[in-house]
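In this note's numbering, the protein residues as written are 13 to 91. Worksheet: the structure to be examined is printed underneath.
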């Protein structure tokens, strides 16, 4: 399943809920894409960057670009 999703390329949007946890699927997709040599952008809203990066080795973490919307989602600290 992961191979068929990633073969399409482009944007993959995952939505999770209480009924369907999506973080483990997201992390599997991130890992697979990073191991294929792709740069992966993460828009982080629910967990810190450190928590999201846990469990990935340095090769995978080096391919991640984390955009942090977790700490200050409305940019209040800059006003």
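Here a beta-carbon is modelled for each residue, glycine too, at the ideal position from N, C-alpha and C.
By alpha-carbon positions, which one of the options ends up nearest to residue i?
{"i": "residue 35", "options": "77, 58, 70, 83", "result": "58"}
{"i": "residue 61", "options": "40, 73, 50", "result": "73"}
{"i": "residue 49", "options": "87, 39, 71, 32", "result": "71"}
{"i": "residue 51", "options": "23, 86, 63, 37", "result": "23"}
So who's on the other strand from residue i, going by DSSP bridges?
{"i": "residue 56", "result": "80"}
Is residue j closer than 8 Å to residue i when the C-beta atoms are compared?
{"i": "residue 90", "j": "residue 68", "result": "no"}
{"i": "residue 65", "j": "residue 76", "result": "yes"}
{"i": "residue 55", "j": "residue 79", "result": "yes"}
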